[in-house]
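Peer 1: Protein chains in written order, with my numbering: chain C, 1 to 353; chain E, 1 to 252. Take a look at this one; I'll ask things after.
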Amino acid sequence: MAERVLMKGNEAIAEAAIRAGCRHYFGYPITPQTEIAAYMAKKMPKIGGVFLQAESEVASINMVYGAAAAGMRVMTSSSSPGISLKAEGLSYIAGSDVPALVVNVQRGGPGLGGIQPSQSDYFQATKGGGHGDYRMIVLAPASVQEMASLTIKGFNLADKYLMTAMILADGTIGQMMEPISFEDAEIETYEKPWALTGTNCERKHNVVNSLYLKPDELEAKNFERYERYKIVEQNEAMWEEYMMEDAELCVVAFGIASRVAKNAVAAARAEGIKVGLIRPITLWPFPKDALAFAAEKVKGFVSVELSMGQMIEDIRLATQCNKPVGLCNRCGGMIPSPDEVLESIRKAQKGEF
Amino acid sequence: MAVVFEKPKALTDAVFHYCPGCPHGIIHRLVAEVIDELGIEGKAIGVAPVGCAVMAYDYFACDMIEAAHGRAPAVATGIKRCRPENVVFTYQGDGDLASIGMAETVHSAARNENITVIFVNNAIYGMTGGQMAPTSLPGQVTQTSPYGRDVNHCGWPIKVCEMLSTLEGPEYITRVAVNNVKNVKNAKKAIKKAFQNQIEGKGFSLVEVVSACPTNWGMTPQQALEWVESDMLPYYPIGVYKDRTAAKEGTV
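Here it is, written out as structure tokens:
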């Protein structure tokens, strides 16, 4: 049996990153993700790595950009207001096609918001955040085990597709402790002939750049990038289905909300309501096919979110609005109880969405 | 036939896009000559700014990266911390380094980040067409200070070398100019020292090069160089503002 260790979600991310070969971490303190930086500060100097506390989130993401361009597995972590500051760098990283891992342990917003868990950066993570046409691979862990395994997966995907992989977690999973194992981790490595290593006077200079003043060149670059994104959409969508085989109703939830939803689905089943759960693990690419397939059999959906309803738009898009989609939400750091979710399932059962 | 003068190897064959009379050409050349003389082209990695030198990545033959506006020292930090054996430099203008990127400048200096910063101060935003810069002189007419820079309204120009030299962190902070042959020669010496410091692991070295912008100053190249002498240099005096090694050795 695999060895299991008890870890906090944030620490699991840090340990997984190190195991994935990340030796460079640049960050700036913000609640509720500071354990990641603390873990890195302790570990990195002992293993020949670099932990550097930057002067700002803006500086830290640009240090990540430099390190990524230099060909390293590199990461930063922050929480919602800090991710807004990193948005500029995320756009440059995307425009330069270099790989990076960015963790957002979400807290309530907008503005300074609060420090309690939230999922209200869904739009920011899946629709952009920074300027320009670009995507990030967005991974949404729902357990401490997934904090670790999706971090490793994120590094692999980032290198494979030359994109930013974002771990979109929340304060709850960041702070809670669960037993986890690292033994199944598969570390993939990729050649990086584009990296800044110095030419050694043996090759033409490498240029890492997002500036294309000729519009046809910029357009071609964007088209090329979106061809790559298409492959990601085709191959990398991940989701979990729970009690969907005979479901007539479908609850959709990710991250911590999915754990509450799972309890509510089980309780609803006990009442005889045929309901299931689809839990997107990748938020981009969104598991559109799974939702579209479900829409053919269920009479409606309930989106359970810690926001004012953001993923709900992607559910409507994926199902082409063929079925009604209800919203069961809390926000600002509040989390719905299983009873609240159960109540929305009961309503949906009666056709009230 | 003996070759008496040629293009430095550290420059590509790309044609500069700079305006006639712009000293960026001189400063690029000085950096490239230093890279040649130190034999570091193969391990140099340059960081281009946003501003007139935005396309420096096309001009330097070493590996290059284009940073966001003001972020070059952070990008350089990321590269240098990954590849300490490489020689990492930034090339930035006054808007980039002293306005939007001031935090990155100050903190990379405070950390004594082992990088070389070439800071071109021509007291104006050139690329965007001549707006007031953090280093525009009091009374200087620009597109966004059409009645002259009013210090009561928008504050005083920032003296970067003087400010950075108050920090414990940096190794070498110096100001040079390229408005005449003597100054160009001294500028090259300073640039070379700034690269040598990095190779010797001494830390953060910044060379402020007082430059000119004939196009946006509305002057001929000749007048612009004269204005550097008459107006810029009195406000931004040439000199070594910090040299830790020299101070330690008692040579300053």
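Backbone N, C-alpha and C fix where the C-beta goes; we use that ideal spot for every residue, glycine too. Since this is a predicted model, take the numbers as computed values, not measurements.
Enumerate in chain order the residues of its own chain whose CB-to-CB distance from residue 151 of chain E is below 7 Å, with the five nearest sequence positions on each side excluded.
Peer 2: On the second sequence, position 151 is the one that residue 151 of chain E refers to. Same-chain partners within the cutoff: 138.
Peer 1: Is the separation between the beta-carbon of residue 109 of chain E and that of residue 66 of chain C shorter than 8 Å?
Peer 2: Counting from 1 along the second sequence, the entry for residue 109 of chain E is found at position 109. Counting from 1 along the first sequence, the entry for residue 66 of chain C is found at position 66. Contact flag unset, no.
Peer 1: 8 Å is my cut-off, CB to CB: does residue 95 of chain E come that close to chain C?
Peer 2: Sequence index remark: in the second sequence, residue 95 of chain E carries index 95 (1-based). Chain C, which has no Cβ nearer than 8 Å to the Cβ of residue 95 of chain E, makes this no.
Peer 1: So who's on the other strand from residue 148 of chain C, going by DSSP bridges?
Peer 2: Start at 1 with the first residue of the first sequence, and residue 148 of chain C comes out as number 148. DSSP lists no partner for residue 148 of chain C.
Peer 1: Quick one: which chain E residues come within Cβ less than 9 Å of residue 164 of chain C?
Peer 2: If you number the first sequence from 1, residue 164 of chain C lands on position 164. Chain E residues near residue 164 of chain C: none, gap ~15 Å exceeds 9 Å.
Peer 1: Among E/238, E/250, E/127, which residue has its Cα nearest to the Cα of residue 182 of chain E?
Peer 2: Here residue 182 of chain E refers to the residue found at position 182 of the second sequence. Among E/238, E/250, E/127, the Cα nearest to that of residue 182 of chain E is on E/238.
Peer 1: By DSSP's criteria, residue 66 of chain E is part of a beta bridge. Which residues make up the other side?
Peer 2: If you number the second sequence from 1, residue 66 of chain E lands on position 66. Bridge partners of residue 66 of chain E: E/48.
Peer 1: Is residue 306 of chain C closer than 8 Å to residue 110 of chain C when the C-beta atoms are compared?
Peer 2: Here residue 110 of chain C is taken as the residue at index 110 of the first sequence, counted from 1. Here residue 306 of chain C is taken as the residue at index 306 of the first sequence, counted from 1. No, the pair does not count as a contact, with Cβ atoms beyond the cut-off.
Peer 1: Check whether the segment 153-160 of chain E and the segment 186-201 of chain E are in contact - that is, three or more C-beta pairs closer than 8 Å.
Peer 2: The answer is no - the segment 186-201 of chain E does not touch the segment 153-160 of chain E, with fewer than three Cβ pairs under 8 Å.
Peer 1: Can you tell me which of C/96, C/20, C/254 puts its alpha carbon nearest to the alpha carbon of residue 238 of chain C?
Peer 2: Along the first sequence, read from residue 1 onward, the residue named residue 238 of chain C stands at position 238. Of C/96, C/20, C/254, the residue nearest in Cα terms is C/254.
Peer 1: Using the Cα positions of residue 209 of chain C and residue 91 of chain C, report the straight-line distance between them to the nearest angstrom.
Peer 2: Numbered from 1 along the first sequence, position 209 holds the residue referred to as residue 209 of chain C. Numbered from 1 along the first sequence, position 91 holds the residue referred to as residue 91 of chain C. Distance between the alpha carbons of residue 209 of chain C and residue 91 of chain C is about 12 Å.
Peer 1: How many Å lie between residue 202 of chain E and residue 211 of chain E at the Cα?
Peer 2: The sequence position of residue 202 of chain E within the second sequence is 202, counting from 1. The sequence position of residue 211 of chain E within the second sequence is 211, counting from 1. Each residue's Cα considered, the two are about 27 Å apart.
Peer 1: Kindly list, in the order they appear in chain E, the residues whose Cβ is closer than 8 Å to that of residue 283 of chain C.
Peer 2: The count along the first sequence starts at 1 and reaches residue 283 of chain C at position 283. Neighbours of residue 283 of chain C on chain E: none; closest Cβ ~26 Å, over 8 Å.
Peer 1: What distance in whole Å lies between the Cβ atoms of residue 228 of chain E and residue 179 of chain E, which are believed to be in contact at a cut-off of 8 Å?
Peer 2: Here residue 179 of chain E is taken as the residue at index 179 of the second sequence, counted from 1. Here residue 228 of chain E is taken as the residue at index 228 of the second sequence, counted from 1. Your pair residue 179 of chain E and residue 228 of chain E checks out as a contact, with CB atoms roughly 4 Å apart and the cut at 8 Å.
Peer 1: Taking Cβ positions only, does residue 52 of chain C come closer than 8 Å to chain E?
Peer 2: As a working note, residue 52 of chain C is residue 52 in the first sequence. Yes, residue 52 of chain C counts as interfacial toward chain E.
Peer 1: What residue from E/16, E/33, E/20, E/18 has the CA that sits closest to residue 184 of chain E's CA?
Peer 2: For the purposes of this step, residue 184 of chain E is taken as residue 184 along the second sequence, with counting starting at 1. Considering only alpha carbons, the answer is E/33.
Peer 1: Of all the CB atoms in chain C, is at least one closer than 8 Å to the CB of residue 107 of chain E?
Peer 2: Taking the second sequence and counting its residues from 1, the one referred to as residue 107 of chain E is at position 107. For residue 107 of chain E, the answer is yes, since a Cβ of chain C falls inside 8 Å of its Cβ.
Peer 1: Determine the DSSP secondary structure at residue 82 of chain E, reduced to helix, strand or coil.
Peer 2: As a first step, residue 82 of chain E must be located in the second sequence, where it is residue number 82. Reduced to three states, the DSSP call for residue 82 of chain E is helix.
Peer 1: Identify whether residue 53 of chain C lies in helix, strand or coil by the three-state DSSP scheme.
Peer 2: Walking along the first sequence from the start, residue 53 of chain C turns up at place 53. It is a strand residue.
Peer 1: Which residues in the same chain have their Cβ closer than 6 Å to the Cβ of residue 197 of chain E, if we skip the five residues on either side of it in sequence?
Peer 2: Counting from 1 along the second sequence, the entry for residue 197 of chain E is found at position 197. Once the five neighbours on either side are set aside, the close Cβ partners of residue 197 of chain E are 171, 172, 205.
Peer 1: Please identify, using Cβ separations under 7 Å, the residues of the segment 15-37 of chain C that lie next to chain E, in order along the chain.
Peer 2: 24, 26
Peer 1: Does the Cβ of residue 132 of chain E have 16 or more other Cβ atoms within 10 Å, making it buried, or fewer, making it exposed?
Peer 2: The sequence position of residue 132 of chain E within the second sequence is 132, counting from 1. Its Cβ being crowded by 16 or more others within 10 Å, residue 132 of chain E is buried.
Peer 1: Measure the C-alpha to C-alpha separation of residue 96 of chain C and residue 230 of chain E and round it to an integer number of angstroms.
Peer 2: For the purposes of this step, residue 96 of chain C is taken as residue 96 along the first sequence, with counting starting at 1. For the purposes of this step, residue 230 of chain E is taken as residue 230 along the second sequence, with counting starting at 1. Computed Cα separation, rounded: 43 Å.
Peer 1: List the residues of chain C whose Cβ lies closer than 9 Å to the Cβ of residue 200 of chain E, in chain order.
Peer 2: Here residue 200 of chain E corresponds to residue number 200 of the second sequence, with the count starting at 1. Neighbours of residue 200 of chain E on chain C: none; closest Cβ ~18 Å, over 9 Å.
Peer 1: Output needed in chain order: residues of the segment 27-51 of chain E with a Cβ under 7 Å from some Cβ in chain C.
Peer 2: 41, 42, 43, 44, 45
Peer 1: Using CA coordinates, which residue listed in C/282, C/235, C/203, C/188 is at the minimum distance from residue 194 of chain C?
Peer 2: The residue labelled residue 194 of chain C in the question sits at position 194 within the first sequence. Ranking C/282, C/235, C/203, C/188 by CA distance to the CA of residue 194 of chain C puts C/203 first.
Peer 1: For residue 337 of chain C, count neighbouring Cβ atoms within 10 angstroms of its own Cβ and tell me buried if that reaches 16, exposed if not.
Peer 2: As a position in the first sequence, residue 337 of chain C is number 337, starting the count at 1. Answer is exposed; the Cβ neighbour count stays below 16.
Peer 1: At a Cβ cut of 7 Å, what residues of the segment 61-94 of chain E count as close to chain C, listed as they run along the chain?
Peer 2: 61, 62, 63, 64, 65, 66, 67, 68, 71, 74, 75, 76, 77, 78, 79, 81, 82, 83, 86
Peer 1: Per DSSP, what kind of secondary structure is residue 232 of chain C in: helix, strand or coil?
Peer 2: What you label residue 232 of chain C is simply residue 232 of the first sequence in a count that begins at 1. Reduced to three states, the DSSP call for residue 232 of chain C is helix.
Peer 1: Provide the residue span of the beta strand (DSSP E) that contains residue 206 of chain E, from first to last.
Peer 2: Translated into the one-based positions of the second sequence, residue 206 of chain E becomes position 206. Element bounds for residue 206 of chain E: 205-210.
Peer 1: May I ask you to check if the CB of residue 339 of chain C is nearer than 7 Å to at least one heavy atom of the ligand GDP?
Peer 2: The ligand GDP is not part of the structure shown, which contains no ligands of any sort.
Peer 1: Output yes if chain E places a C-beta closer than 8 Å to the C-beta of residue 132 of chain C; else output no.
Peer 2: The sequence position of residue 132 of chain C within the first sequence is 132, counting from 1. False, the Cβ-Cβ gap to chain E never drops below 8 Å.
Peer 1: How long is the line joining the alpha carbons of residue 319 of chain C and residue 279 of chain C, rounded to whole angstroms?
Peer 2: Position 319 of the first sequence, counted from the start, is the residue given in the question as residue 319 of chain C. Position 279 of the first sequence, counted from the start, is the residue given in the question as residue 279 of chain C. For residue 319 of chain C and residue 279 of chain C, the distance between alpha carbons rounds to 15 Å.
Peer 1: Can you tell me where the beta strand (DSSP E) with residue 328 of chain C in it begins and where it stops?
Peer 2: As a working note, residue 328 of chain C is residue 328 in the first sequence. Start and end: 325-329.
Peer 1: Measure the C-alpha to C-alpha separation of residue 27 of chain E and residue 45 of chain C and round it to an integer number of angstroms.
Peer 2: For this step, residue 27 of chain E is matched to residue 27 along the second sequence. For this step, residue 45 of chain C is matched to residue 45 along the first sequence. Each residue's Cα considered, the two are about 38 Å apart.
Peer 1: Answer with yes or no whether the minimum CB distance from residue 54 of chain E to chain C is below 8 Å.
Peer 2: On the second sequence, position 54 is the one that residue 54 of chain E refers to. For residue 54 of chain E, the closest Cβ of chain C is nearer than 8 Å.
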